[in-house]
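Some notes on the structure that comes next.
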Amino acid sequence: DSGVTQTPKHLITATGQRVTLRCSPRSGDLSVYWYQQSLDQGLQFLIQYYNGEERAKGNILERFSAQQFPDLHSELNLSSLELGDSALYFCASRTGTGGYGYTFGSGTRLTVV
Amino acid sequence: KNEVEQSPQNLTAQEGEFITINCSYSVGISALHWLQQHPGGGIVSLFMLSSGKKKHGRLIATINIQEKHSSLHITASHPRDSAVYICAVRFGETSGSRLTFGEGTQLTVNP
Chain A
1 DSGVTQTPKH LITATGQRVT LRCSPRSGDL SVYWYQQSLD QGLQFLIQYY
51 NGEERAKGNI LERFSAQQFP DLHSELNLSS LELGDSALYF CASRTGTGGY
101 GYTFGSGTRL TVV
Chain B
1001 KNEVEQSPQN LTAQEGEFIT INCSYSVGIS ALHWLQQHPG GGIVSLFMLS
1051 SGKKKHGRLI ATINIQEKHS SLHITASHPR DSAVYICAVR FGETSGSRLT
1101 FGEGTQLTVN P
């Protein structure tokens, strides 16, 4: 157990639907990062939150949104799902803004049918 | 062109062989990470480097900042080392603290 908890582990849903992925960071970590890993694009950065505030945005579609709550857990919301959104979604956490390492969750495998 | 290039893409070795995976990047970085991803999908951070060399068990990671190049070595490889190894970099602070990833190296170690 890495200390970063992601739920659910697997999700199968239909096109057009909306899902919410959840991430609880390692205790004490303030930063949460969301990454998408698809077969054709590899691992890509989606969005970062730090202590409840959005800090950086990457290749995140407008149909996707995220937030970080006061208890530091984060949710990634994916709406109007398309087949191409099928991917592994990883959450990672990091302690602060210094040169610390990242801890990854085990990922949520999303399959859109 | 990807900002982070890894080679080789695929590597097959016999148990006991010495393995090297290479990573090069295009501009200055603040840190480089080596990650391991097993078939189940989970990602484990192996090393974080900003200079020099680090060793953990049979794994050694080196970085040459001037040449913008890093290598991951596995000594006395074992079938349990079979996984995808991913190089990831954190560019300067103007890019935030996000990671940019290489495409990964699929390593298969045969008994």
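Chains A and B, in that order, give the protein sequences. Mapping of the first sequence onto our numbering: residues 1 to 113, in sequence order. Mapping of the second sequence onto our numbering: residues 1001 to 1111, in sequence order. From the three backbone atoms N, C-alpha and C, an ideal C-beta is built for every residue, glycine too. Predicted, not measured: the structure shown is a model, and the values here were computed from it.
One thing to note: ASP85 (chain A) has its Cβ within 9 Å of the Cβ of LEU78 (chain A). The beta carbon of GLN37 (chain A) lies closer than 8 Å to those of LEU43, GLN44, ALA87, LEU88, TYR89, PHE90, GLY107 in the same chain, with the five residues before and after it left out. Of all residues in the stretch 74–85 of chain A, none comes within less than 8 Å of chain B when Cβ atoms are compared. Look at PHE1101 (chain B): its C-beta is under 9 Å from a C-beta on chain A. Bridge partners of LEU78 (chain A) according to DSSP: A:VAL19, A:PHE64.
Secondary structure note for VAL1027 (chain B): it is in no beta strand (DSSP E), with a DSSP letter that is neither H nor E.
Scanning its chain for C-beta atoms nearer than 6 Å, with the 5 sequence neighbours on each side dropped, one finds around THR1075 (chain B) the residues PHE1018, ARG1058, in chain order. Relative to ASN51 (chain A), the option among A:PHE104, A:SER93, A:LEU83, A:TYR102 whose CA is nearest is A:SER93. Sixteen is the threshold: since fewer than 16 other Cβ atoms of the shown chains lie within 10 Å of the Cβ of PHE69 (chain A), the residue is exposed.
Closest in alpha carbon position to ASP1 (chain A), among B:VAL1004, B:GLY1042, B:GLN1006, is B:GLY1042.
Among the residues facing chain A, GLY1104 (chain B) is included, as its CB has a counterpart in that chain under 9 Å away. Between LEU83 (chain A) and THR13 (chain A), the gap from beta carbon to beta carbon reaches 9 Å or more. GLU1005 (chain B) has B:SER1024 as its beta-bridge partners, per DSSP. Bounds of any beta strand (DSSP E) do not take in SER86 (chain A), whose DSSP letter is neither H nor E. Straight-line spacing of the CA atoms in LEU39 (chain A) and ILE1086 (chain B) works out to 14 Å. With the rule of 3 Cβ pairs closer than 8 Å, the stretch 1098–1108 of chain B does not count as touching the stretch 1038–1054 of chain B. Taking 9 Å as the threshold, the shortest C-beta distance from HIS1033 (chain B) to chain A falls below it.
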